[in-house]
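>
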Amino acid sequence: MKPRDTLLALLVALLWGLNFLFIDLGLRDTLPLVFVALRFAAVAFPLVFFVPRPKVGWKVVAGIGLAMSAGQFGLLFTAMHLGLPAGLAPVALQAQMFFTIGLGALFLREFPTRKQVLGSILGIAGLVVVGLGRVASLPEGAALAGVLVPLLICIAAGFAWGVGNVISRSASGASGLGLVVHSALWVPLPMLGLSLLLDGPAAVGDAFATLGPETWWGIAFTALVASLVGYSI
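Quick note, the numbering used here runs 31 ahead of the 1-based positions in the sequence shown.
#1: Reducing DSSP to helix, strand and coil, say where residue 253 ends up.
#2: Within a Cβ cutoff of 8 Å, which residues of the same chain sit near residue 248, ignoring the five residues on either side of it in sequence?
#3: Find the nearest neighbour of residue 101 within the set 138, 229, 230, 192, judged by alpha-carbon distance.
#4: In chain order, what residues of the same chain have a beta carbon less than 7 Å from the beta carbon of residue 187, not counting five sequence neighbours either side?
#5: Give the DSSP-derived three-state secondary structure of residue 76 in the structure shown.
#6: For my contact list, residue 177 and residue 114 are in at a C-beta cut-off of 8 Å; report their separation, rounded to the angstrom.
#7: Between the Cα of residue 49 and those of 201, 197, 118, spot the shortest distance and give me the residue it belongs to.
#8: What residue range does the alpha helix (DSSP H) around residue 126 cover?
#9: With a CB to CB cut of under 7 Å and the five nearest residues on each side skipped, what residues in its chain are close to residue 250?
#10: Give the straight-line distance between the Cα atoms of residue 98 and residue 194, rounded to the nearest whole angstrom.
#11: Taking only runs of the alpha helix (DSSP H) that begin and end inside the stretch 169-214, which ones reach a length of at least 4 residues, in chain order?
#12: Evaluate contact between the stretch 206-225 and the stretch 155-162, counting only Cβ atoms and requiring at least three cross-stretch pairs below 8 Å.
#13: How big is the Cα-Cα spacing for residue 190 and residue 126?
#14: Would you report the Cα separation of residue 148 and residue 137, rounded to the nearest angstrom?
#15: Report yes or no: do three or more beta-carbon pairs, one from the stretch 35-42 and one from the stretch 232-242, lie closer than 8 Å?
#16: Can you tell me which of 260, 259, 228 puts its alpha carbon nearest to the alpha carbon of residue 65?
#17: Among the candidates 75, 86, 146, whose CA atom is the shortest distance from the CA of residue 255?
#18: Note down the Cα distance separating residue 85 from residue 166, rounded to an integer number of angstroms.
#19: For residue 87 and residue 201, which I take to be in contact (beta-carbon distance under 8 Å), what is that distance rounded to the nearest angstrom?
#20: Under the rule that 16 or more other beta-carbon atoms within 10 Å means buried, what is residue 89, buried or exposed?
#21: Between residue 246 and residue 60, what straight-line distance do the alpha-carbon atoms span, to the nearest angstrom?
#22: Taking the alpha carbon of residue 110 as the point to measure from, which residue in 174, 151, 180 has its own alpha carbon closest?
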(Lines of atoms letter the chains of each structure in order from A and count residues from 1; the text may use other names and numbers.)
(Lines give C-alpha, C1' and ligand atoms only; values in the text may rest on other atoms or scores of the structure.)
Protein backbone atom coordinates (compact mmCIF):
# COMPACT_ATOMS: atom_id res chain seq x y z
CA MET A 1 0.00 0.00 0.00
CA LYS A 2 1.32 3.46 -0.92
CA PRO A 3 1.96 5.98 1.90
CA ARG A 4 -0.80 8.20 0.46
CA ASP A 5 -3.29 5.34 0.64
CA THR A 6 -2.27 4.54 4.20
CA LEU A 7 -2.78 8.16 5.26
CA LEU A 8 -6.18 8.27 3.55
CA ALA A 9 -7.21 5.07 5.34
CA LEU A 10 -6.14 6.57 8.68
CA LEU A 11 -8.11 9.73 7.86
CA VAL A 12 -11.22 7.64 7.22
CA ALA A 13 -10.73 5.88 10.57
CA LEU A 14 -10.50 9.26 12.29
CA LEU A 15 -13.60 10.66 10.56
CA TRP A 16 -15.64 7.53 11.22
CA GLY A 17 -14.53 7.48 14.85
CA LEU A 18 -15.79 11.06 15.30
CA ASN A 19 -18.91 10.06 13.39
CA PHE A 20 -20.19 8.03 16.35
CA LEU A 21 -20.03 11.05 18.63
CA PHE A 22 -22.20 13.03 16.20
CA ILE A 23 -24.61 10.11 15.80
CA ASP A 24 -25.01 10.05 19.58
CA LEU A 25 -25.55 13.81 19.53
CA GLY A 26 -28.18 13.66 16.80
CA LEU A 27 -30.12 10.85 18.46
CA ARG A 28 -30.79 12.92 21.55
CA ASP A 29 -33.89 14.57 20.13
CA THR A 30 -35.08 12.55 17.14
CA LEU A 31 -36.05 9.02 16.13
CA PRO A 32 -33.24 6.79 14.81
CA LEU A 33 -34.80 5.93 11.44
CA VAL A 34 -35.87 9.54 10.87
CA PHE A 35 -32.26 10.54 11.57
CA VAL A 36 -31.03 8.01 8.98
CA ALA A 37 -33.53 9.32 6.41
CA LEU A 38 -32.45 12.92 7.00
CA ARG A 39 -28.76 12.01 6.87
CA PHE A 40 -28.99 10.37 3.46
CA ALA A 41 -31.36 12.97 2.09
CA ALA A 42 -28.57 15.46 2.88
CA VAL A 43 -26.05 13.17 1.15
CA ALA A 44 -28.16 12.91 -2.01
CA PHE A 45 -29.48 16.45 -2.41
CA PRO A 46 -28.55 18.64 -4.15
CA LEU A 47 -25.42 16.75 -5.30
CA VAL A 48 -27.42 14.13 -7.19
CA PHE A 49 -28.18 16.81 -9.81
CA PHE A 50 -24.48 17.59 -10.33
CA VAL A 51 -22.53 14.37 -9.66
CA PRO A 52 -22.65 11.95 -12.63
CA ARG A 53 -24.31 8.61 -12.03
CA PRO A 54 -21.69 5.86 -11.62
CA LYS A 55 -21.25 3.60 -14.62
CA VAL A 56 -22.69 0.50 -12.98
CA GLY A 57 -26.11 -1.15 -13.09
CA TRP A 58 -28.94 0.34 -11.06
CA LYS A 59 -29.27 -2.91 -9.10
CA VAL A 60 -25.72 -2.48 -7.79
CA VAL A 61 -26.40 1.13 -6.80
CA ALA A 62 -29.68 0.15 -5.14
CA GLY A 63 -28.04 -2.79 -3.36
CA ILE A 64 -25.32 -0.58 -1.93
CA GLY A 65 -27.90 1.98 -0.80
CA LEU A 66 -30.23 -0.54 0.80
CA ALA A 67 -27.54 -2.70 2.44
CA MET A 68 -24.56 -0.49 3.23
CA SER A 69 -26.57 2.66 3.98
CA ALA A 70 -30.17 1.90 4.94
CA GLY A 71 -29.50 -1.52 6.48
CA GLN A 72 -26.28 -0.71 8.27
CA PHE A 73 -27.23 2.68 9.63
CA GLY A 74 -30.87 1.87 10.32
CA LEU A 75 -29.72 -0.95 12.59
CA LEU A 76 -26.77 0.97 14.05
CA PHE A 77 -28.81 4.07 14.92
CA THR A 78 -31.50 1.85 16.44
CA ALA A 79 -28.93 0.05 18.58
CA MET A 80 -27.51 3.33 19.85
CA HIS A 81 -31.02 4.68 20.43
CA LEU A 82 -31.69 1.61 22.60
CA GLY A 83 -28.65 2.34 24.74
CA LEU A 84 -25.53 0.98 23.05
CA PRO A 85 -22.74 3.41 24.05
CA ALA A 86 -21.04 5.47 21.34
CA GLY A 87 -17.67 4.06 22.40
CA LEU A 88 -18.80 0.44 22.09
CA ALA A 89 -20.82 0.75 18.89
CA PRO A 90 -17.85 1.00 16.49
CA VAL A 91 -16.23 -2.03 18.13
CA ALA A 92 -19.33 -4.19 17.68
CA LEU A 93 -19.91 -2.82 14.18
CA GLN A 94 -16.55 -4.20 13.09
CA ALA A 95 -18.21 -7.59 13.04
CA GLN A 96 -18.62 -6.54 9.40
CA MET A 97 -15.09 -7.85 8.86
CA PHE A 98 -16.14 -11.44 9.60
CA PHE A 99 -19.26 -11.17 7.48
CA THR A 100 -17.35 -9.56 4.61
CA ILE A 101 -14.75 -12.34 4.63
CA GLY A 102 -17.41 -15.06 4.80
CA LEU A 103 -19.69 -13.55 2.17
CA GLY A 104 -16.71 -12.77 -0.06
CA ALA A 105 -15.62 -16.41 0.05
CA LEU A 106 -19.18 -17.64 -0.57
CA PHE A 107 -20.21 -15.34 -3.41
CA LEU A 108 -16.97 -13.93 -4.84
CA ARG A 109 -14.71 -16.96 -4.31
CA GLU A 110 -12.24 -14.68 -2.52
CA PHE A 111 -10.93 -17.00 0.16
CA PRO A 112 -9.19 -15.67 3.29
CA THR A 113 -5.58 -16.45 4.08
CA ARG A 114 -4.59 -18.39 7.18
CA LYS A 115 -3.57 -15.16 8.89
CA GLN A 116 -6.94 -13.60 8.10
CA VAL A 117 -8.75 -16.62 9.54
CA LEU A 118 -6.67 -16.47 12.72
CA GLY A 119 -7.25 -12.73 12.97
CA SER A 120 -10.99 -13.23 12.55
CA ILE A 121 -11.07 -15.87 15.29
CA LEU A 122 -9.24 -13.45 17.58
CA GLY A 123 -11.71 -10.70 16.67
CA ILE A 124 -14.72 -12.93 17.37
CA ALA A 125 -13.20 -13.82 20.73
CA GLY A 126 -12.86 -10.10 21.41
CA LEU A 127 -16.55 -9.50 20.66
CA VAL A 128 -17.48 -12.36 23.00
CA VAL A 129 -15.36 -10.75 25.73
CA VAL A 130 -17.11 -7.41 25.09
CA GLY A 131 -20.51 -9.08 25.37
CA LEU A 132 -19.58 -10.89 28.58
CA GLY A 133 -18.18 -7.66 29.98
CA ARG A 134 -21.45 -5.88 29.28
CA VAL A 135 -23.37 -8.65 31.03
CA ALA A 136 -21.01 -8.64 34.01
CA SER A 137 -21.40 -4.87 34.42
CA LEU A 138 -25.18 -5.08 34.67
CA PRO A 139 -26.57 -3.47 37.85
CA GLU A 140 -28.39 -5.88 40.11
CA GLY A 141 -31.93 -6.45 38.88
CA ALA A 142 -31.31 -4.96 35.45
CA ALA A 143 -32.73 -6.82 32.43
CA LEU A 144 -30.19 -8.81 30.41
CA ALA A 145 -32.07 -8.10 27.19
CA GLY A 146 -31.53 -4.37 27.68
CA VAL A 147 -27.79 -4.92 27.17
CA LEU A 148 -27.66 -7.79 24.70
CA VAL A 149 -30.41 -6.66 22.29
CA PRO A 150 -28.68 -3.38 21.28
CA LEU A 151 -25.36 -5.25 20.94
CA LEU A 152 -26.92 -7.91 18.70
CA ILE A 153 -28.67 -5.25 16.60
CA CYS A 154 -25.31 -3.54 16.08
CA ILE A 155 -23.74 -6.84 15.02
CA ALA A 156 -26.63 -7.23 12.55
CA ALA A 157 -25.66 -3.78 11.24
CA GLY A 158 -22.21 -5.24 10.64
CA PHE A 159 -23.81 -8.00 8.57
CA ALA A 160 -25.64 -5.40 6.44
CA TRP A 161 -22.32 -3.58 5.95
CA GLY A 162 -20.67 -6.85 4.90
CA VAL A 163 -23.42 -7.43 2.32
CA GLY A 164 -22.87 -3.90 1.03
CA ASN A 165 -19.12 -4.49 0.80
CA VAL A 166 -19.64 -7.59 -1.33
CA ILE A 167 -22.12 -5.82 -3.61
CA SER A 168 -19.73 -2.88 -3.99
CA ARG A 169 -17.13 -5.22 -5.51
CA SER A 170 -19.35 -5.19 -8.60
CA ALA A 171 -18.75 -1.44 -8.80
CA SER A 172 -14.97 -1.67 -8.94
CA GLY A 173 -13.53 1.33 -10.75
CA ALA A 174 -16.69 3.44 -10.43
CA SER A 175 -16.59 6.92 -8.93
CA GLY A 176 -16.69 6.69 -5.14
CA LEU A 177 -18.48 10.00 -4.81
CA GLY A 178 -20.98 9.02 -7.50
CA LEU A 179 -21.76 5.75 -5.73
CA VAL A 180 -22.24 7.47 -2.37
CA VAL A 181 -24.52 10.19 -3.73
CA HIS A 182 -26.69 8.06 -6.02
CA SER A 183 -26.99 5.09 -3.65
CA ALA A 184 -28.22 7.53 -0.98
CA LEU A 185 -31.39 8.03 -3.03
CA TRP A 186 -32.50 4.54 -1.97
CA VAL A 187 -32.43 5.35 1.75
CA PRO A 188 -34.81 8.15 2.85
CA LEU A 189 -38.19 6.74 1.72
CA PRO A 190 -37.63 3.17 3.05
CA MET A 191 -36.39 4.56 6.37
CA LEU A 192 -39.32 6.96 6.71
CA GLY A 193 -41.77 4.21 5.78
CA LEU A 194 -40.26 1.86 8.35
CA SER A 195 -40.33 4.58 11.01
CA LEU A 196 -44.00 5.28 10.26
CA LEU A 197 -44.69 1.56 10.67
CA LEU A 198 -42.67 1.06 13.87
CA ASP A 199 -42.95 4.42 15.61
CA GLY A 200 -46.28 5.63 14.28
CA PRO A 201 -47.25 8.73 12.27
CA ALA A 202 -47.68 10.87 15.39
CA ALA A 203 -44.16 10.15 16.64
CA VAL A 204 -42.63 10.75 13.20
CA GLY A 205 -44.52 14.03 12.81
CA ASP A 206 -43.37 15.12 16.25
CA ALA A 207 -39.76 14.20 15.37
CA PHE A 208 -39.84 16.55 12.38
CA ALA A 209 -41.59 19.30 14.34
CA THR A 210 -39.03 19.28 17.14
CA LEU A 211 -35.75 19.01 15.23
CA GLY A 212 -33.16 20.87 17.29
CA PRO A 213 -29.59 22.07 16.76
CA GLU A 214 -28.13 18.80 18.05
CA THR A 215 -29.88 16.86 15.30
CA TRP A 216 -28.80 19.35 12.63
CA TRP A 217 -25.17 19.15 13.81
CA GLY A 218 -25.46 15.36 13.71
CA ILE A 219 -26.88 15.42 10.19
CA ALA A 220 -24.24 17.88 8.99
CA PHE A 221 -21.27 15.84 10.19
CA THR A 222 -22.58 12.37 9.39
CA ALA A 223 -23.75 13.38 5.91
CA LEU A 224 -21.07 15.80 4.74
CA VAL A 225 -17.99 14.43 6.48
CA ALA A 226 -18.58 10.75 7.31
CA SER A 227 -20.56 9.83 4.17
CA LEU A 228 -19.46 12.19 1.41
CA VAL A 229 -15.80 12.44 2.44
CA GLY A 230 -15.26 9.15 4.28
CA TYR A 231 -17.06 6.80 1.90
CA SER A 232 -15.75 8.61 -1.17
CA ILE A 233 -12.18 8.09 0.06
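Heads up, the beta-carbon is just placed ideally off N, CA and C, and yes, glycines get one too.
So, from the data block:
#1: helix
#2: 53, 56, 57
#3: 192
#4: 106
#5: coil
#6: 7 Å
#7: 118
#8: That residue, residue 126, is in no alpha helix (DSSP H); it is neither H nor E in DSSP.
#9: 57, 69, 70, 73
#10: 6 Å
#11: 176-199, 207-214
#12: no
#13: 7 Å
#14: 15 Å
#15: no
#16: 228
#17: 75
#18: 45 Å
#19: 7 Å
#20: exposed
#21: 7 Å
#22: 180
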